[in-house]
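J.:
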Amino acid sequence: MRDAVKRSILLLTGIAVETVGAVATAAGVAGMVSWPPTAWSGWAFGLGMTLMIPGFFLIFAGLWNQALRGVMSGAGAESTAGGGSPGGIFGLIKDMTGGNTDLLTGGVPASAVILAMRDTGVTINDQPMVVFDLEVRREGADAYRVSHREPLPRLLVGAVLPGAHLPVRLDPADPARLTIDWQRAASHPTPGERVSAADILARGVPATATVLATFSTNGMTADNGDPVIGLVLLVTGPDARPYEVRLAHRVPPHHLPLTTPGTRVPARIAPEDPQKVAIDWDAAVPTPQNA
Numbered sequence: 002m003r004d005a006v007k008r009s010i011l012l013l014t015g016i017a018v019e020t021v022g023a024v025a026t027a028a029g030v031a032g033m034v035s036w037p038p039t040a041w042s043g044w045a046f047g048l049g050m051t052l053m054i055p056g057f058f059l060i061f062a063g064l065w066n067q068a069l070r071g072v073m074s075g076a077g078a079e080s081t082a083g084g085g086s087p088g089g090i091f092g093l094i095k096d097m098t099g100g101n102t103d104l105l106t107g108g109v110p111a112s113a114v115i116l117a118m119r120d121t122g123v124t125i126n127d128q129p130m131v132v133f134d135l136e137v138r139r140e141g142a143d144a145y146r147v148s149h150r151e152p153l154p155r156l157l158v159g160a161v162l163p164g165a166h167l168p169v170r171l172d173p174a175d176p177a178r179l180t181i182d183w184q185r186a187a188s189h190p191t192p193g194e195r196v197s198a199a200d201i202l203a204r205g206v207p208a209t210a211t212v213l214a215t216f217s218t219n220g221m222t223a224d225n226g227d228p229v230i231g232l233v234l235l236v237t238g239p240d241a242r243p244y245e246v247r248l249a250h251r252v253p254p255h256h257l258p259l260t261t262p263g264t265r266v267p268a269r270i271a272p273e274d275p276q277k278v279a280i281d282w283d284a285a286v287p288t289p290q291n292a
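Taking the working numbering as reference, the numbering of the sequence shown is continuous, increasing by one, and the terminal residue is 292.
1. Name the one or two DSSP bridge partners that V266 has.
2. Kindly confirm or deny that the segment 240-250 and the segment 269-286 touch, where touching means at least three C-beta pairs closer than 8 Å.
3. Excluding sequence positions up to five away, which residues of its chain have a Cβ less than 7 Å from the Cβ of M53?
4. Could you tell me which whole beta strand (DSSP E) segments of length 3 or greater appear in the segment 10-69?
5. Would you kindly report the start and end of the unbroken alpha helix (DSSP H) that includes R204?
6. Look at the alpha carbon of A285 and the alpha carbon of H250, and state the distance between them as a whole number of angstroms.
7. With burial defined as no fewer than 16 other Cβ atoms inside 10 Å of the residue's Cβ, what is the status of V114: buried or exposed?
8. Any idea what DSSP makes of T191, helix, strand or coil?
9. Have a look at A160 and M50 and give me their C-alpha separation to the nearest angstrom.
10. Rounded to whole angstroms, what's the CA-CA distance from P258 to R178? Just pull it up for me.
11. Roughly how many angstroms separate the alpha carbons of I90 and L48, rounded to a whole number?
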C-alpha cells in the first residue's frame, strides 16, 4: 500500500509539472512566432522547458516502478512454477530494488525451517545473495515448502545454517511470497533456534538416527576445523515413532563414513524441541540398516 501511494504521488506530480511546463513552452513559442515577438516569450519558453524535463522524469519514475512491479510479478510466477522468489534477471532486479521488504510491516507473521541453502555468488550491498529452501509453518495452516532468495546479513554468515528456524512475514494474498525478519531473528531467538550439540548430548533424550541423505553446506566447517555436513535423518525416540529431521552437523573426519545413507547412529533429542538433534559421535558405530 505504501509503495502504491508513492508511485501515485510521483505520477500525479509529474503530470502536473509536465502540464505547466507544456503550457509555458507553448505560450513561449506562440510569443516568439508572433510579430512583433512578445517580451516575455523567451522567459516563458525557458521556464516551460525547465519544468518539462523534471516532469518527464517524475512520470517515468512513477510508470516504471508500477510496470516493473507488474513485470516482475508475472515473470516470478513463470520462473517459480507455483511459488517462491523469481529467478533470472527479473529476480535480480527485484532483489536490488528491495525485494519483499514491504512485507515487514504488512505481512502475516510465521516461522520457517531452513531445509537447504546455497550461495548464488551474487552480493548486494556487500551481503551474499542466498537461495533458501524453506518449510513454512503458519498458525492454523498446513506447512508448505518454498524456495526463497534473499540477501543474508553479513554478521549472520556462518550462524544461519540448515535446520535453523527463522521468523518470516508472508503476503496474505500469496503465501509463497515472503521475507525473512532478520532483525527479529538476530535479537529475539525463536523456540527452534540452534543450540550446541554438546548441550543436547548432555541433557537430551536417547534416540537412534538413520541417515537418509546428505546435502551440501558449501564447505562450512566447525570452529575446530571439522567439516559441517548437511544430514537428512530419520529419528526414532523413546516413543518409537520415527520422524524426519534436516540439519547441519559437525562430523569428525574419521567418522565421515558414518554419513553414508542407511547408517544408524546414536543420537540425543532436546527435551523442549524434537527438531533439535545431536549425534553422539563418541558412541557411534556403523550399523547399516537392513532392507
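Think of the CB as a built atom: it goes at the ideal place given N, C-alpha and C, for glycine as much as any other residue.
T.: The answer reads as follows:
1. A210
2. yes
3. E19, G22, A23 and T26
4. none
5. A198 to R204
6. 14 Å
7. buried
8. With a pLDDT of 44 at T191, under the threshold of 50, the modelled position of this residue cannot be trusted; read the value that follows with caution. Note: T191 maps to coil in three-state DSSP.
9. 55 Å
10. 39 Å
11. The pLDDT assigned to I90 is 46, lower than 50, so where the model puts this residue is not dependable, and the model offers no usable value.
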